[in-house]
Amino acid sequence: MKDLRLWGLKKSPWVYHVAAASCNNCDIEILELLTPRYDVERFGVVLVGSPRHADALLVTGVINRKSLPRVLEVYEQTPKPCLVIAIGTCACNCHIFRNSYNAVGPYDKHIPVHAYIPGCPPKPEAMIMGVVKALSKL
Amino acid sequence: MSSFLSGWRLVIAFIGTLIVVPVAGLILNWVDRFVSARVQWRKGPPFYQPFADILKLLLKQTIVPQGASRTVFLLSPLVGIAGMSLVALLLFFSNTGLVVAQKTSFIGDIIVLLYLLALVPLSFIVGASASRNPVAAVGASREMTLYLGYELPFVLALLVPIVKVAQRWDVASALRIGGLVAYQQQYGPFLYSVSGVIAAVIILFTIQAKLGYVPFDIPEAEQEIMSGVLVEYSGAPLAAFRITRAMMFVLLPLLLITVLWGGITDWWAILKFLLIVVLVVLMKNTNPRLRIDQALGFFWFILAPLGIIAVVLAFIGL
Chain W
1005 MKDLRLWGLK KSPWVYHVAA ASCNNCDIEI LELLTPRYDV ERFGVVLVGS PRHADALLVT
1065 GVINRKSLPR VLEVYEQTPK PCLVIAIGTC ACNCHIFRNS YNAVGPYDKH IPVHAYIPGC
1125 PPKPEAMIMG VVKALSKL
Chain B
694 MSSFLSGWRL VIAFIGTLIV VPVAGLILNW VDRFVSARVQ WRKGPPFYQP FADILKLLLK
754 QTIVPQGASR TVFLLSPLVG IAGMSLVALL LFFSNTGLVV AQKTSFIGDI IVLLYLLALV
814 PLSFIVGASA SRNPVAAVGA SREMTLYLGY ELPFVLALLV PIVKVAQRWD VASALRIGGL
874 VAYQQQYGPF LYSVSGVIAA VIILFTIQAK LGYVPFDIPE AEQEIMSGVL VEYSGAPLAA
934 FRITRAMMFV LLPLLLITVL WGGITDWWAI LKFLLIVVLV VLMKNTNPRL RIDQALGFFW
994 FILAPLGIIA VVLAFIGL
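Chains as they are written, first to last, in this note's numbering: chain W, 1005 to 1142; chain B, 694 to 1011.
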């Protein structure tokens, strides 16, 4: 039963894209994953419209006082088991906003993060690799 | 009626409706995604993809939103599956030669079928309304409008074969699906006439709308209202809705073949079925989403008059 569940999770990770005050650069690169060039649908990855359907949250952008409660709410709305994948240097360690009065630290201070994909923005190949590594850790 | 459901036929019907139709539907779901991927110059998912999706959803946590009506929220997905299973049963018994003898079918088949097909949008509407989500409410209202839109032309299109059979035989056998199949076996399919072609086109558009595919995916516009009617569903109920859609994808083309294109009596039916499926998928891939008022206008002011013309032509005998 556990193997079946793992197989299902690994073969069809549906992702929900949480853009928490990002500069839109990572988001464009995420959307590039769905285009014919990279076509992650062949791995079963689908971009879904509601966090209720999601298995993985792709969080982008530096987290700040305004976006933190929203991100936490989205995380709570996602049915478990779910992965959180921090995409971009902002999501991993706040990048140049590190000492800003508004930034409330990297994501792993607030929610468990399963994969960090640094880069500004990260290459689509890096994102695919990060998701694969996160899935193989399940 | 006593022999309608008895013995081994009951077993076959049970297995058929609860295993074969959903599995076939999921495979068709893959065909749909694969053809879409190829149209968009992509590779597309492997064939087990829909099964992996369903398996994952079944074993995932189910969240009932706070303040939602728990019973209605969790029961409404089952209503859709139940309706589709009954439609499968009706089509199975109408097409297996057993009914051509017109003993195992009962009067009112097509009307029952219309009601059963209405169960699916009903389950979507009720489930979405029970979830206490404003986006789902928008989706539910759109689903209701869309249903009101496509039901009128659909009924008019179904009237065409009924009128034809009623003219030559009698009303009782015209209302039986088995009667329609028997008529077509004797005099040739309805599709090979002017009114039949019009009716088939109307039913093709209706299939698209009933499946919620792209020109008419208004109730669950993913990019616009976050999957609309399905927004609050997670885990097993979502899987149930997806299975309902998959079963519909099998049964609606079968329905079109049964009522207009000679019934499922020989191997040609498979080719006809695949042709309809490919038409539906291509229509899905070459069209943008309509607004709800455009869809309603399309069904009411273009397809419904066409349907009336078809019925008149059927009366004349064309």
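In this text, a Cβ means the ideal position worked out from N, Cα and C, and glycines have one as well.
Using CA atoms only, rank isn't needed, just tell me which of the options is closest to residue i.
{"i": "B:M976", "options": "B:L953, B:T899, B:L923, B:G1000", "result": "B:T899"}
{"i": "B:S886", "options": "B:I969, B:W723, B:L849, B:I1009", "result": "B:I1009"}
{"i": "W:P1190", "options": "W:K1014, W:P1017, W:P1040", "result": "Residue 1190 of chain W is absent from the structure shown; chain W starts at 1005 and stops at 1142."}
{"i": "W:L1072", "options": "W:V1049, W:A1023, W:C1086", "result": "W:A1023"}
{"i": "W:I1115", "options": "W:V1136, W:V1088, W:L1139, W:V1135", "result": "W:V1088"}
{"i": "W:G1053", "options": "B:V853, B:V757, B:E925", "result": "B:E925"}
{"i": "W:H1021", "options": "W:Y1105, W:L1037, W:D1007, W:R1102", "result": "W:L1037"}
{"i": "W:N1106", "options": "W:G1048, W:K1070, W:D1059, W:V1050", "result": "W:K1070"}
{"i": "B:L945", "options": "B:G842, B:A811, B:A933", "result": "B:A811"}
{"i": "B:D959", "options": "B:G737, B:N788, B:A745", "result": "B:N788"}
{"i": "W:R1102", "options": "W:E1080, W:G1065, W:L1010", "result": "W:G1065"}
{"i": "B:V828", "options": "B:E915, B:T937, B:V713", "result": "B:E915"}
{"i": "W:V1136", "options": "W:D1007, W:V1044, W:P1085", "result": "W:V1044"}
{"i": "B:T937", "options": "B:F707, B:P715, B:I708", "result": "B:P715"}
{"i": "B:F740", "options": "B:Q733, B:P814, B:W734, B:V728", "result": "B:V728"}
{"i": "B:V732", "options": "B:W993, B:L1006, B:V971", "result": "B:V971"}
{"i": "W:I1032", "options": "W:P1055, W:K1006, W:L1062", "result": "W:L1062"}
{"i": "B:Q860", "options": "B:F786, B:L983, B:V1005, B:F766", "result": "B:V1005"}
{"i": "B:I995", "options": "B:M919, B:Q901, B:I895", "result": "B:I895"}
Given a cut-off of 9 Å on the beta-carbon distance, is the pair residue i and residue j in contact?
{"i": "B:T710", "j": "B:A781", "result": "yes"}
{"i": "B:A1003", "j": "B:I891", "result": "yes"}
{"i": "W:C1030", "j": "W:I1091", "result": "yes"}
{"i": "W:V1078", "j": "W:I1067", "result": "no"}
{"i": "B:Q742", "j": "W:P1083", "result": "no"}
{"i": "B:K903", "j": "B:M941", "result": "yes"}
{"i": "B:V853", "j": "B:G889", "result": "yes"}
{"i": "B:R835", "j": "B:G921", "result": "yes"}
{"i": "B:G760", "j": "B:A988", "result": "no"}
{"i": "B:S966", "j": "B:I950", "result": "Going by the sequence as given, residue 966 of chain B is Phe instead of Ser. Yes, Cβ-Cβ distance for B:F966 and B:I950 is below 9 Å."}
{"i": "W:P1125", "j": "W:G1134", "result": "no"}
{"i": "W:L1142", "j": "W:L1010", "result": "yes"}
{"i": "W:I1042", "j": "W:I1132", "result": "Note that residue 1042 of chain W is Tyr in the sequence shown, not Ile. Yes, the Cβ-Cβ distance between W:Y1042 and W:I1132 is below 9 Å."}
{"i": "W:P1085", "j": "W:D1059", "result": "yes"}
{"i": "B:A745", "j": "W:G1048", "result": "yes"}
Enumerate in chain order the residues of its own chain whose CB-to-CB distance from residue i is below 6 Å, with the five nearest sequence positions on each side excluded.
{"i": "B:P882", "result": "W954, G955"}
{"i": "B:F991", "result": "none"}
{"i": "B:A997", "result": "L845, P846"}
{"i": "W:E1118", "result": "Residue 1118 of chain W is actually His in this sequence, not Glu. Within the same chain, W:H1118 has close Cβ partners L1087, V1088, A1138."}
{"i": "B:N722", "result": "P743, A939"}
{"i": "W:G1012", "result": "none"}
{"i": "B:L968", "result": "none"}
{"i": "B:L999", "result": "I891"}
Which residues in the same chain as residue i place their Cβ atom closer than 7 Å to its Cβ, once the five residues preceding and following it in sequence are excluded?
{"i": "W:A1130", "result": "I1121, G1123"}
{"i": "B:S822", "result": "A830, A833"}
{"i": "B:A717", "result": "V943"}
{"i": "W:L1139", "result": "K1014, P1017"}
{"i": "B:S769", "result": "S816, V819, G820, A823"}
{"i": "B:L948", "result": "L784"}
{"i": "B:L923", "result": "E913, L931, F934"}
{"i": "B:V704", "result": "none"}
{"i": "W:Y1096", "result": "Residue identity check: residue 1096 of chain W is Cys in the sequence provided, not Tyr. Taken in chain order, the residues that qualify are A1090, P1110, Y1120, P1122."}
{"i": "B:P758", "result": "S824, R825, N826, E925"}
{"i": "B:L851", "result": "I803, V952"}
{"i": "B:I1001", "result": "L849"}
For residue i, I'd like the list of residues in its chain whose CB is within less than 8 Å of its CB, leaving aside the five on either flank, ordered along the chain.
{"i": "B:Q795", "result": "Residue placement at B:Q795 is poorly supported in this model, since its pLDDT is 49, which falls under 50; the coordinates still yield a value, given next. Excluding positions up to five away in sequence, the list reads S866, R869, G871, G872, A875."}
{"i": "B:W862", "result": "G872, Y876"}
{"i": "B:P981", "result": "V907, P908"}
{"i": "W:H1057", "result": "W1018, Y1020"}
Run the proximity test for residue i: is its beta-carbon closer than 8 Å to any non-hydrogen atom belonging to the ligand GDP?
{"i": "W:G1053", "result": "For the ligand GDP, the structure offers nothing, since it holds no ligand at all."}
### Positions along the segment 1105–1116 of chain W whose CB lies within less than 9 Å of some CB in chain B
Cβ contacts with chain B: none found.
#### Entry: Short-range partners of chain D found in the segment 915–931 of chain B, where Cβ spacing is below 9 Å
Here the protein chains are W and B, and chain D is not one of them.
### Message
To be precise: take each residue of the segment 730–742 of chain B, compare its Cβ to all Cβ atoms of chain W, and keep it if any distance is under 8 Å. Which residues remain?
### Response
From the segment 730–742 of chain B, only A730, Q733, W734, R735, K736, G737, P738, P739, Y741, Q742 have a Cβ closer than 8 Å to chain W.
### Touching by the beta-carbon criterion (3+ pairs, under 8 Å), the segment 765–780 of chain B and the segment 734–750 of chain B
Not touching, per the Cβ criterion.
### Message
Counting only Cβ-Cβ distances shorter than 9 Å, please list the residues of the segment 750–778 of chain B near chain W, keeping chain order.
### Response
Taking 9 Å as the Cβ-Cβ cut-off against chain W, the residues of the segment 750–778 of chain B that qualify are L750, L751, L752, K753, Q754, T755, I756, P758.
### Query
In chain order, what residues of the segment 808–830 of chain B put their CB closer than 7 Å to some CB of chain W?
If the cut-off is 7 Å between Cβ atoms, the segment 808–830 of chain B has nothing near chain W.
### Message
By the 8 Å beta-carbon criterion, what residues does the segment 874–889 of chain B contribute toward chain W?
### Response
When CB distances to chain W are screened at a threshold of 8 Å, not a single residue of the segment 874–889 of chain B falls below it.
### Message
If the cut-off is 8 Å on Cβ atoms, which residues from the segment 1053–1075 of chain W count as contacting chain B, listed in chain order?
### Response
In summary, the residues of the segment 1053–1075 of chain W whose CB is separated from some CB of chain B by less than 8 Å are G1053, S1054, R1056, H1057, D1059, in the order they occur in the chain.
### Residues of the segment 1125–1141 of chain W with Cβ closer than 9 Å to any Cβ of chain B, in chain order
Here the close residues number zero.
#### Entry: the segment 1033–1051 of chain W: positions lying closer than 7 Å to chain B by Cβ
Taking 7 Å as the Cβ-Cβ cut-off, the segment 1033–1051 of chain W approaches chain B at P1040, D1043, E1045, R1046, G1048, given in chain order.
### Query
Got a sec: which bits of the segment 1007–1027 of chain W sit with their beta carbon under 9 Å from any beta carbon on chain B, in order along the chain?
Taking 9 Å as the upper bound on Cβ-Cβ separation, chain B lies near residues L1008, R1009, W1011, G1012, L1013, K1014, K1015, S1016, P1017, W1018 of the segment 1007–1027 of chain W.
### Query
Name the residues in the segment 1080–1103 of chain W whose C-beta lies less than 7 Å from a C-beta of chain B; which are they?
For the segment 1080–1103 of chain W, which is checked against every Cβ of chain B, the residues closer than 7 Å are P1083, K1084.
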